[in-house]
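Sequence order for the protein chains is A and B.
For the first sequence, my numbering gives the first residue as 1, with consecutive numbering after it.
For the second sequence, my numbering gives the first residue as 1, with consecutive numbering after it.
Structure record follows, encoded as structure tokens.
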Amino acid sequence: MTKTSKTATSEKTVFSRRGFLKTALPAAGGLATGVAFLHSTGSVVFAERAEGCEIAKPKYELRFDSKICAGCAYCEVACSQAHGGHADPLASRNTFTLKPVLGFTGLSALSANAPGWPQGLADATFAEFSENELCRQCISPECMDVCPENAIYVDTKTGARVVDETKCVGCGTCEEACQFGMIKVNPHTDIASKCDLCGGDPQCVAWCPTKAITFHEL
Amino acid sequence: MTKEVYGNMGVILRVDLTTGTIKREDASKYNKEWLGGRCLAHYLLFNEVDVAKTDPLSPDNKVYIGTGALGATTFPSSGRTHATYLSPMNYSGWGDSNCGGHFGPALKRCGYDMLVVSGKAEKPSYLYIEDDEIRIESAEGIWGKGTIDTQAELIHKHGEPSKLLCIGQAGENLVLYANVRTETTNSMGRCGMGAVFGSKNLKAVVAKGSKPVKLFKPKEFFEVTKQLRDELMDPKFGKVHGLTYELMSKWGTPGITNLIGTTGMVPIRNWQRCGIDPKFDRLVRLWNQDHGTRREACFACPVHCHAAYAVKDGKYPTRGGGPEYETTTALGHKCDITDDKAVLKLNAMCNDYGLDTVETGAMFSTLMELMERNIIDKEFVDGIDIQFGNGDACVELMPKIVFREGCGDKMADGPWRVAKALGETALQSVYHQKGMCATGVETRSTIGSMLQFAVSPRGSHHLNGLPTAEWVNIPPVAVKVAGYKEAGDVRSYHPQAKARLVQYYENMFFLSDSLGICKFNFGHLGYWHDRAEDLDHMYDLICKSIYYASGIKYTVDDLFAIFERSNQIERATIVMRGIRRKDDQPNWKCLNEPCPGEHPVGPIPLPPIDSEKYNKVLDAYYKQRGWNNEGIPEPQHLKKLGLGFVAAKMQKAL
Numbered sequence: 001m002t003k004t005s006k007t008a009t010s011e012k013t014v015f016s017r018r019g020f021l022k023t024a025l026p027a028a029g030g031l032a033t034g035v036a037f038l039h040s041t042g043s044v045v046f047a048e049r050a051e052g053c054e055i056a057k058p059k060y061e062l063r064f065d066s067k068i069c070a071g072c073a074y075c076e077v078a079c080s081q082a083h084g085g086h087a088d089p090l091a092s093r094n095t096f097t098l099k100p101v102l103g104f105t106g107l108s109a110l111s112a113n114a115p116g117w118p119q120g121l122a123d124a125t126f127a128e129f130s131e132n133e134l135c136r137q138c139i140s141p142e143c144m145d146v147c148p149e150n151a152i153y154v155d156t157k158t159g160a161r162v163v164d165e166t167k168c169v170g171c172g173t174c175e176e177a178c179q180f181g182m183i184k185v186n187p188h189t190d191i192a193s194k195c196d197l198c199g200g201d202p203q204c205v206a207w208c209p210t211k212a213i214t215f216h217e218l
Numbered sequence: 001m002t003k004e005v006y007g008n009m010g011v012i013l014r015v016d017l018t019t020g021t022i023k024r025e026d027a028s029k030y031n032k033e034w035l036g037g038r039c040l041a042h043y044l045l046f047n048e049v050d051v052a053k054t055d056p057l058s059p060d061n062k063v064y065i066g067t068g069a070l071g072a073t074t075f076p077s078s079g080r081t082h083a084t085y086l087s088p089m090n091y092s093g094w095g096d097s098n099c100g101g102h103f104g105p106a107l108k109r110c111g112y113d114m115l116v117v118s119g120k121a122e123k124p125s126y127l128y129i130e131d132d133e134i135r136i137e138s139a140e141g142i143w144g145k146g147t148i149d150t151q152a153e154l155i156h157k158h159g160e161p162s163k164l165l166c167i168g169q170a171g172e173n174l175v176l177y178a179n180v181r182t183e184t185t186n187s188m189g190r191c192g193m194g195a196v197f198g199s200k201n202l203k204a205v206v207a208k209g210s211k212p213v214k215l216f217k218p219k220e221f222f223e224v225t226k227q228l229r230d231e232l233m234d235p236k237f238g239k240v241h242g243l244t245y246e247l248m249s250k251w252g253t254p255g256i257t258n259l260i261g262t263t264g265m266v267p268i269r270n271w272q273r274c275g276i277d278p279k280f281d282r283l284v285r286l287w288n289q290d291h292g293t294r295r296e297a298c299f300a301c302p303v304h305c306h307a308a309y310a311v312k313d314g315k316y317p318t319r320g321g322g323p324e325y326e327t328t329t330a331l332g333h334k335c336d337i338t339d340d341k342a343v344l345k346l347n348a349m350c351n352d353y354g355l356d357t358v359e360t361g362a363m364f365s366t367l368m369e370l371m372e373r374n375i376i377d378k379e380f381v382d383g384i385d386i387q388f389g390n391g392d393a394c395v396e397l398m399p400k401i402v403f404r405e406g407c408g409d410k411m412a413d414g415p416w417r418v419a420k421a422l423g424e425t426a427l428q429s430v431y432h433q434k435g436m437c438a439t440g441v442e443t444r445s446t447i448g449s450m451l452q453f454a455v456s457p458r459g460s461h462h463l464n465g466l467p468t469a470e471w472v473n474i475p476p477v478a479v480k481v482a483g484y485k486e487a488g489d490v491r492s493y494h495p496q497a498k499a500r501l502v503q504y505y506e507n508m509f510f511l512s513d514s515l516g517i518c519k520f521n522f523g524h525l526g527y528w529h530d531r532a533e534d535l536d537h538m539y540d541l542i543c544k545s546i547y548y549a550s551g552i553k554y555t556v557d558d559l560f561a562i563f564e565r566s567n568q569i570e571r572a573t574i575v576m577r578g579i580r581r582k583d584d585q586p587n588w589k590c591l592n593e594p595c596p597g598e599h600p601v602g603p604i605p606l607p608p609i610d611s612e613k614y615n616k617v618l619d620a621y622y623k624q625r626g627w628n629n630e631g632i633p634e635p636q637h638l639k640k641l642g643l644g645f646v647a648a649k650m651q652k653a654l
């Protein structure tokens with residue numbers, strides 16, 4: 001994948017968004033404001049960035065529909081080969097999880113031979129087969145905020161937050177910061193990897209046979 | 001093992017359950033000569049096991065579970081796993097099974113091309129593989145559970161990236177047609193591999209891998225596999241090709257039942273009738289329309305031919321994966337059961353108990369026919385009213401078989417053994433070859449399929465080489481691969497044409513099994529079969545893929561030479577176990593009874609197989625393979641193929 005030129009992020013102040021939210025600074029400028037969705041708690045927090053700290057918003061995002069997904073994991077293996085060349089499960093930038101016995105996991109005595117319809121599952125559709133975590137390209141990306149090497153930049157074409165592999169030292173600070181687990185240091189290469197939207201031609205979308213992963217302009 | 005290995009992982013993992021020893025062996029020395037997967041497994045089994053004498057259920061039997069050079073990559077449908085072992089089910093003793101799902105890639109990502117399991121664990125155990133860490137763990141708590149609960153508990157314990165092969169209660173109780181399951185839709189179905197696992201006290205193999213599959217030319221590989229993926233999905237690639245994708249991805253294998261029935265190939269009522277019968281329509285697509293919940297795919301497959309279903313009302317509320325064509329025909333058509341809910345229930349039961357649906361269906365339908373012919377009475381089946389069309393009776397009988405209770409004990413040994421104990425007349429009702437009943441194929445319909453089923457080393461099964469060009473009925477492709485225009489004529493007994501046709505497809509089917517890819521997409525179905533040159537195009541892309549993945553260059557002829565050698569190993573093994581020309585004869589029904597039924601192609605009723613003409617085809621086939629009149633490989637011919645070691649071992653045993 002060809003990398004596009006970096007945005008002017010050299011003056012970006014490194015700060016913690018959590019600390020920023022706590023102090024609840026008022027917006028200093030009238031320019032773009034950021035919105036952060038805290039998925040883990042389900043609550044939505046509107047955050048504004050101090051002037052000079054703004055980064056370009058993502059222009060595209062990937063969406064995943066688990067009801068259409070057939071569970072082939074092509075997204076995972078194509079991602080790793082597109083980026084690292086080899087079929088390396090740890091080099092994949094999405095985390096694809098197959099749930100082969102969904103509806104049964106964790107619930108005992110639900111074998112197909114148990115008489116009757118299992119309690120509590122009467123309304124289950126059994127339509128979902130897999131989970132797929134894709135990078136949200138956060139408006140206020142923690143990975144970018146905490147990187148001590150300023151190794152994460154914004155791809156001007158797509159707005160993707162991209163790891164500059166020449167700068168990354170593999171310290172793992174980003175990995176700890178991302179609450180979605182979408183940036184990881186690959187132990188085989190010692191470099192952090194995350195979704196870069198493939199420069200606008202995401203390979204997970206190109207290979208997905210059922211169109212369960214889709215690419216949307218924001 | 002320090003040199004860089006591409007495509008393959010370069011290691012064979014050997015686990016002996018008796019001693020608990022774990023060994024690793026360099027696999028790369030075998031790759032050029034034996035590819036991997038099925039071919040390599042055959043070679044190793046033949047060399048390492050006393051194939052002439054070993055009891056398949058003894059600790060001396062070994063199971064070789066392998067992937068292949070293309071496995072776990074972007075190559076379309078690269079999620080297959082192959083296993084070779086000695087089979088307790090058929091009387092030829094040859095066992096090989098293959099499954100899809102995600103287990104193969106998981107094993108490969110642990111760093112192994114092949115897993116060899118030998119010996120017998122003292123107590124019920126399961127094998128846990130996580131990269132370099134191998135443990136034989138106690139199966140206490142999961143022994144006695146079905147395959148769904150077993151998977152749920154082990155995945156719960158070891159985490160969701162772990163994939164596993166496991167057996168259900170059928171395998172534990174050594175039901176001879178027990179299978180090995182992975183996920184909700186995939187089985188290593190035939191030949192009783194589940195019983196072999198059970199005999200080793202092996203409940204499951206769990207693999208959780210994180211190693212990269214290194215590719216020799218990653219960029220080129222990525223491009224050529226994308227081309228293959230796109231062409232597989234391309235409706236304009238060819239009429240048959242496009243239709244195959246459309247039907248398989250939408251309806252899966254049951255959805256093509258009536259296409260298969262065109263020549264009368266779909267068996268009905270224990271092979272008493274055949275062809276297309278609208279009364280079974282609920283088993284073709286309607287079950288899926290009403291109860292299907294989603295499509296499921298194996299690893300890296302663009303086709304997603306599996307389904308999942310949930311039946312919420314009626315007598316049998318149930319849910320599960322599948323069923324495949326083989327299941328709907330075995331438990332539906334062959335048993336004359338038209339109620340899809342009963343068939344879906346039976347499918348879910350088989351899958352959870354770990355029973356081969358094909359042989360289970362044949363067991364039921366054989367009993368039904370024996371009952372109809374008054375050879376057995378209700379007492380024989382402990383008072384269960386096992387009659388054609390009675391799904392409830394099957395639901396009632398199955399647990400008895402699985403737990404070997406009462407009459408189920410003898411039925412756990414399969415229809416051929418049950419009938420054999422009853423005498424010659426009873427055996428006439430068993431539609432088998434070499435003691436294993438046929439899959440959903442009426443072999444009187446197509447002469448090539450008759451030959452292929454009869455000479456198949458593991459008994460009556462289509463995945464050993466059912467001639468695609470013949471059953472999909474594409475004469476130009478048959479002419480190309482066999483060299484005679486008669487090869488494409490479903491009714492022709494032309495000796496050389498049919499012999500060559502069957503030899504070609506038997507060899508071709510090693511291709512997918514040895515590379516870790518799906519036979520459906522590369523040989524068995526209508527893909528790449530519109531024009532004669534489409535096959536060349538497919539081979540070209542596959543050879544390129546193998547080179548870009550592994551760095552090993554093959555021509556199609558090189559590959560077919562490996563397949564020919566592998567086939568000779570299969571034959572030598574079963575010959576050493578006593579198989580001769582008499583065992584390559586069609587079963588009684590094929591030879592003696594016509595088969596009525598509606599179908600647009602071919603005569604109605606289908607006439608019985610003409611023994612004289614058939615034996616001329618068999619002669620030609622033996623000659624083509626370099627076997628003598630009794631079907632024994634000629635030692636000189638084996639040596640010419642570079643199989644001196646096979647000739648030596650075989651001659652010693654004869």
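We put the beta carbon where it would ideally sit given N, CA and C, even for glycine.
Small disclaimer: the values here were computed from a predicted structure and weren't measured.
Residue range of the beta strand (DSSP E) that includes Thr244 of chain B: From DSSP, Thr244 of chain B is part of no beta strand (DSSP E) but of the alpha helix (DSSP H) over Lys239 to Trp251.
Alpha-carbon spacing of Arg531 of chain B relative to Pro476 of chain B, whole angstroms: When rounded, the distance between both Cα atoms is 7 Å.
Contacts of His304 of chain B in chain A (Cβ-Cβ under 7 Å): Identification of chain A residues near His304 of chain B by a Cβ-Cβ cut-off of 7 Å yields Ala70, Cys72, Pro209 and Thr210, ordered along the chain.
Supposed close pair Pro633 of chain B, Arg571 of chain B - CB separation, criterion 8 Å: Separation of the CB atoms of Pro633 of chain B and Arg571 of chain B is rounded to 6 Å, and the pair is thereby assigned contact status at 8 Å.
Euclidean distance between Cα positions of Trp471 of chain B and Tyr30 of chain B: Each residue's alpha carbon lies about 35 Å from the other.
Residue-level contact to chain A via CB, Glu324 of chain B, 8 Å cutoff: Among the CB atoms of chain A, none fall inside 8 Å of the CB of Glu324 of chain B.
Beta carbon proximity, Val77 of chain A to chain B, threshold 8 Å: Cβ-Cβ to chain B under 8 Å: yes for Val77 of chain A.
Where the segment 72-91 of chain B meets chain A: residues whose CB sits under 7 Å from a CB there: So the close ones are Ala72, Thr73 and Thr74.
Neighbour-count burial assignment, Gln568 of chain B, 16 or more Cβ in a 10 Å radius: Burial is judged here by how many other beta carbons sit within 10 angstroms of a residue's own beta carbon; Gln568 of chain B has at least 16 and is buried.
Any chain B beta carbon closer than 8 Å to Pro89 of chain A: Under the Cβ distance rule, Pro89 of chain A counts among the residues neighbouring chain B, one pair being separated by less than 8 Å.
Chain A contact for Met1 of chain B (CB, 8 Å cutoff): With a pLDDT of only 45 at Met1 of chain B, under 50, the local geometry of the prediction cannot be trusted, and the value read off the model is given with reservation. By this cut-off, Met1 of chain B is not an interface position.
Chain A within 8 Å of Leu215 of chain B, Cβ atoms only: Leu215 of chain B counts as touching chain A.
Buried or exposed by the 16-neighbour rule on C-beta atoms within 10 Å, applied to Ala648 of chain B: Counting Cβ neighbours within 10 Å, Ala648 of chain B comes out exposed, since fewer than 16 surround it.
Short-range partners of chain A found in the segment 489-517 of chain B, where Cβ spacing is below 8 Å: Of all residues in the segment 489-517 of chain B, none is placed with a Cβ closer than 8 Å to any Cβ belonging to chain A.
heavy atom of the ligand HEM below 7 Å from Glu379 of chain B C-beta: Inclusion of the ligand HEM in the displayed structure is not the case, the ligand content being empty and no account of it being possible.
Assigned exposure category for Asn186 of chain A - 16 Cβ within 10 Å defines buried: Asn186 of chain A should be labelled buried.
Within chain A, partners of Ala139 of chain B - CB distance below 9 Å: Per Cβ cutoff of 9 Å: no residues; Ala139 of chain B is ~16 Å from chain A at best.
Within 8 Å, strictly: CB atoms of Gly391 of chain B and Glu324 of chain B: The answer is no: Cβ separation not under 8 Å.
Members of the segment 394-428 of chain B that neighbour chain A once the beta carbon cut-off is set at 8 Å: Answer set for the segment 394-428 of chain B: Pro399.
His156 of chain B versus B:Lys208, B:Tyr309 and B:Tyr547, residue with shortest Cα-Cα distance: The option with the nearest alpha carbon to His156 of chain B is B:Lys208.
Those runs of the beta strand (DSSP E) which lie wholly inside the segment 168-202 of chain B and span at least 3 residues: Runs of beta strand (DSSP E) with 3 or more residues, each lying fully within the segment 168-202 of chain B, are found at 180-182 and 186-188, listed in chain order.
Beta bridge counterpart(s) of Gly320 of chain B as assigned by DSSP: In DSSP, Gly320 of chain B forms a bridge with B:Tyr309.
Inter-stretch contact at 8 Å, needing at least 3 Cβ pairs: the segment 168-179 of chain B / the segment 110-118 of chain B: Short answer: they don't touch.
At least 3 beta-carbon pairs within less than 8 Å: the segment 113-132 of chain B vs the segment 447-454 of chain B: These segments do not touch.
Thr97 of chain A: contacting residues in chain B (beta-carbon distance under 7 Å): Glu160, listed in chain order.
Given 8 Å, three or more beta-carbon pairs between the segment 281-292 of chain B and the segment 489-500 of chain B: Between the segment 281-292 of chain B and the segment 489-500 of chain B, the count of Cβ pairs shorter than 8 Å is below three; the stretches do not touch.
Whether Ile546 of chain B touches Leu70 of chain B by CB criterion (8 Å): For Ile546 of chain B and Leu70 of chain B, yes; Cβs fall inside 8 Å.
Contact list for Ala300 of chain B against chain A, beta-carbon separation under 7 Å: Correct list: Cys72, Ala73, Tyr74 and Val77.
Classification of Ala421 of chain B by the beta-carbon crowding that lies within 10 angstroms, buried from 16 upward: Ala421 of chain B should be labelled exposed.
Chain-ordered chain B contacts of Ala82 of chain A [CB-CB under 8 Å]: Residues of chain B passing the Cβ test: Phe222.
Proximity of Pro202 of chain A and Leu62 of chain A at Cβ, strictly below 8 Å: With a cutoff of 8 Å on beta-carbon distance, Pro202 of chain A and Leu62 of chain A are scored as near each other.
CB-CB length for Thr338 of chain B against Phe280 of chain B, believed under 8 Å: Confirmed, Cβ separation roughly 6 Å.
Within-8 Å CB hit, Gly181 of chain A to chain B: Output row for Gly181 of chain A: interface = no.
Bridge partners - Pro633 of chain B, DSSP secondary structure assignment: BP columns for Pro633 of chain B point to B:Trp627.
Limits of the beta strand (DSSP E) - the one that Lys23 of chain B falls within: Residues Ile22 to Asp26.
Test: Glu372 of chain B CB closer than 8 Å to a CB of chain A: No, because no Cβ of chain A sits closer than 8 Å to the Cβ of Glu372 of chain B.
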